[in-house]
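K.L.:
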Amino acid sequence: MASSLTTFTDEARIALDTLSGRAAGLFSPSLRLGVTGLSRAGKTVFISALVHNLIHGGRLPLFEAQKSGRIARAFLEEQPDDAVPRFQYEDHVAALVNDRVWPDSTRAISELRLTIEYESASGWNRLFSAGKLSIDIVDYPGEWLLDLPLLGKSFADFSREAVELAALPVRSDLSQAWRELASTVNPDADADEMTARRLAESFAAYLKGCKLDERALSTLPPGRFLMPGDLEGSPALTFAPLMILADGRPRSGSLQAMMERRYEAYKTHVVKPFFREHITRLDRQIVLIDAMQALNA
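Numbering (our numbering), first residue to last: 31 to 327.
Here's what the structure looks like:
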């Protein structure tokens, strides 16, 4: 059975998080800015350059507050989420400026708090105090965002859609090895870890092949198969769509039952928390696109 994007419990949690965040914002205004894009879109360089220019008073001609001299200073502060890795701004700038090498691409979620002290554009507000805004920049792989539609799809839906996409002319050669392997699998056979692993690895290899420059395909869920983060090698990623599906409810202990269970676990323990804990908390979202890669595909 397909899962909805949010349950009543999820909605309650989101509402409470939003309420507490808004209450805190009355005393210390903050804005959560999401920055995403598919791999090699330039997220790391964009964030590093933006923060560096604001801190050091660089030229930002389209930023009216900077252009008119209303920015007093910008500086880094401790981020509010201790459980989220820090965006390694200093390391990325050093790689660009000193080593002259491109920084490592985004592999997992990270966060950085930039606080800006500014003079309000309103003369009335300037009478009381200088403005202060904390911007929490959240960097995450765009591949993870593509998983959200899975929350509304059952394993059977996911399998049928994956098989149809894999057979398209632009993908058929890349998916051939996985399709040949999947065509030999009996969904009613006893669950077997090695079979599941071979299917998952073959399916992941096909998805990764679709991301090559000459193809540059983007609709490639599950996103964690491309950017596993700390889940690499876990059972939550050891599943794959099945080309042949059993009629009706799969037999308990069968390969299809195992695949369905892991698919649902992926949605419950990976996709939903990402949506609830990060996406719903964003105030603004920037999506970067590698236009040249898309044009060359």
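Even for Gly, the Cβ is constructed at its ideal location relative to N, Cα and C.
1. Tell me whether the segment 294 to 305 and the segment 207 to 214 touch, counting them as touching only if at least three CB pairs, one residue from each stretch, are closer than 8 angstroms.
2. Does DSSP put Gly-161 in a helix, in a strand, or in coil?
3. Since Arg-103 sits in a beta bridge, which residues does DSSP pair it with?
4. Three or more C-beta pairs under 8 angstroms: does that hold for the segment 138 to 145 against the segment 278 to 286?
5. Which of the three DSSP states is assigned to Asp-129 in this structure?
6. Pick from Pro-280, Gln-206 and Leu-63: whose alpha carbon is nearest that of Leu-229?
7. In this structure, how does DSSP classify Ile-139 when only helix, strand and coil are distinguished?
8. Classify Leu-272: buried if its beta carbon has 16 or more other beta carbons within 10 angstroms, exposed otherwise.
9. What residue from Thr-225, Pro-280, Ala-295 and Asp-222 has the CA that sits closest to Pro-252's CA?
10. Can you give me the Cβ contacts of Arg-100 inside the same chain, cut-off strictly under 6 angstroms, excluding the 5 residues immediately before and after it?
11. Please classify Ser-60: does DSSP put it in a helix, a strand, or coil?
P.N.:
If we stick to the structure as given:
1. No, the segment 294 to 305 does not touch the segment 207 to 214.
2. Gly-161 falls in the strand class under three-state DSSP.
3. Glu-147, per the DSSP bridge assignment.
4. No, the segment 138 to 145 does not touch the segment 278 to 286.
5. Residue state, collapsed to three classes: coil.
6. Checked all of Pro-280, Gln-206 and Leu-63; the closest Cα to Leu-229 is Gln-206.
7. Collapsing the DSSP output to three states places Ile-139 in coil.
8. Buried.
9. Ranking Thr-225, Pro-280, Ala-295 and Asp-222 by Cα distance to Pro-252 puts Ala-295 first.
10. Only Tyr-148 and Glu-149 meet the Cβ criterion.
11. Looking at Ser-60 - three-state DSSP - the assignment turns out to be strand.
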